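S.K.: Supplied in structure tokens, the structure appears directly below.
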Ligand SMILES: [Ca+2]
Ligand SMILES: [Ca+2]
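Numbering (full-length UniProt numbering), first residue to last: 1 to 210.
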């Protein structure tokens with residue numbers, strides 16, 4: 001290096017001039033964006049076509065069913081729609097058939113009478129069920145299917161369904177004198193539940209699936 005040579009200092013701004021390589025990279029990125037855009041448009045169009053095809057298939061199936069060619073059609077060519085229906089004397093609620101029997105009987109006899117009809121003493125799983133059952137019993141205490149006879153304070157429904165919803169009256173179940181193992185509704189004219197001795201006699205509500 002010759003002595004006394006002066007090198008000009010370079011100054012750089014934030015806007016760096018693009019090199020040829022950078023320009024090439026920008027072109028590649030632009031091409032990728034265009035390709036991506038084309039793919040998106042293509043995908044959206046294919047999606048729209050798929051929806052249209054599915055809708056047409058559904059319409060075709062509906063027409064077939066109405067004309068007697070569908071799997072749900074009956075032999076005479078008419079479309080059959082199954083609805084929950086209950087036999088005469090039974091009323092439907094939540095897909096089950098309920099019936100109140102006013103004959104005063106013990107809880108076990110009531111359960112056996114329900115079984116003879118293909119039913120069980122009614123289990124109650126919601127406020128709607130409870131209102132429905134209560135509306136059937138003519139404002140008298142009546143048996144429903146709850147019992148803790150096997151082990152005190154472990155309540156089971158006689159139809160084998162899980163106990164979730166409950167509507168015990170205040171202070172119940174109290175297992176009074178250690179011998180109350182069966183559940184009746186409408187004690188003291190209320191919609192709530194009470195445990196009582198299973199051998200007392202009550203009207204009862206049976207329930208079964210259609
Ligand atoms: Ca008990
Ligand atoms: Ca009680």
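C-beta atoms are modelled at their ideal positions from N, C-alpha and C, and glycine is treated no differently. In this text the structure is predicted, and so the values were computed from the model without any measurement.
Under 8 Å by Cβ, that's how I've got residue 142 and residue 206 pegged, so tell me the actual separation to the nearest angstrom.
M.R.: As a first step, residue 142 is located in the chain shown; it is residue number 142 there, counting from the start. As a first step, residue 206 is located in the chain shown; it is residue number 206 there, counting from the start. Actually they do not touch by this definition, with Cβ atoms about 11 Å apart.
S.K.: Helix or strand or just coil, what does DSSP make of residue 136?
M.R.: For the purposes of this step, residue 136 is taken as residue 136 along the chain shown, with counting starting at 1. The answer is helix: DSSP assigns residue 136 an H, G or I state.
S.K.: Is it buried or exposed, residue 112, if we count other Cβ atoms within 10 angstroms and call 16 or more buried?
M.R.: In the chain shown, counting from the first residue as 1, residue 112 sits at position 112. With fewer than 16 Cβ atoms within 10 Å of its Cβ, residue 112 is classed as exposed.
S.K.: For residue 194, is the beta carbon positioned less than 7 Å from some heavy atom of ligand 1?
M.R.: One-based indexing of the chain shown puts residue 194 at position 194. Answer for residue 194: no, Cβ out of range of ligand 1.
S.K.: Between which two residues does the alpha helix (DSSP H) carrying residue 114 extend?
M.R.: Locating residue 114 in the chain shown gives position 114, where the first residue counts as 1. Counting along the chain, the alpha helix (DSSP H) containing residue 114 begins and ends at 107-116.
S.K.: Take residue 250 and list the residues in its own chain whose beta-carbon comes closer than 8 Å to its own, dropping the five residues that flank it on each side.
M.R.: Residue numbering for the chain in the displayed model covers 1 to 210; residue 250 lies beyond these limits and cannot be assessed.
S.K.: Short check: CB of residue 182 to CB of residue 169, under 8 Å?
M.R.: Residue 182 sits at position 182 when you count from the first residue of the chain shown. Residue 169 sits at position 169 when you count from the first residue of the chain shown. No, Cβ-Cβ distance for residue 182 and residue 169 is not below 8 Å.
S.K.: Classify residue 165 as buried or exposed, calling it buried when 16 or more other Cβ atoms lie within 10 Å of its own Cβ.
M.R.: Here the question's residue 165 lines up with position 165 in the chain shown. So residue 165 ends up on the exposed side.
S.K.: Can you say whether residue 154 is buried or exposed, counting buried as having 16 or more other CB atoms within 10 angstroms of its CB?
M.R.: Counting from 1 along the chain shown, the entry for residue 154 is found at position 154. So residue 154 counts as exposed.
S.K.: Is any heavy atom of ligand 3 found at a distance shorter than 7 Å from the C-beta of residue 150?
M.R.: With respect to ligand 3, the structure shown offers nothing to examine, as its ligands consist of ligand 1 and ligand 2.
S.K.: Grab the span of the beta strand (DSSP E) containing residue 203 for me, first residue to last.
M.R.: Mapped onto the chain shown, residue 203 falls at position 203. Residues 202-208.
S.K.: For residue 120, write down the residues that DSSP places opposite it in a beta bridge.
M.R.: On the chain shown, residue 120 is found 120 positions in, with the first residue counted as 1. DSSP lists 207 as partners of residue 120.
S.K.: Let me confirm a value: residue 110 is counted as buried when at least 16 other C-beta atoms fall within 10 Å, else exposed. Which label applies?
M.R.: Position 110 of the chain shown holds residue 110. Buried: at least 16 other Cβ atoms inside 10 Å.
S.K.: Compare the C-alpha of residue 175 against each of 208, 196, 185, 156 and name the closest.
M.R.: Along the chain shown, one-based indexing puts residue 175 at 175. The option with the nearest alpha carbon to residue 175 is 196.
S.K.: Name the two residues that bound the continuous beta strand (DSSP E) containing residue 184.
M.R.: Here the question's residue 184 lines up with position 184 in the chain shown. From DSSP, the beta strand (DSSP E) with residue 184 extends over 182-185.
S.K.: Taking residue 187 as the reference, give the member of 203, 178, 177 with the closest Cα.
M.R.: If you number the chain shown from 1, residue 187 lands on position 187. Residue 187 has its Cα closest to that of 203, out of 203, 178, 177.
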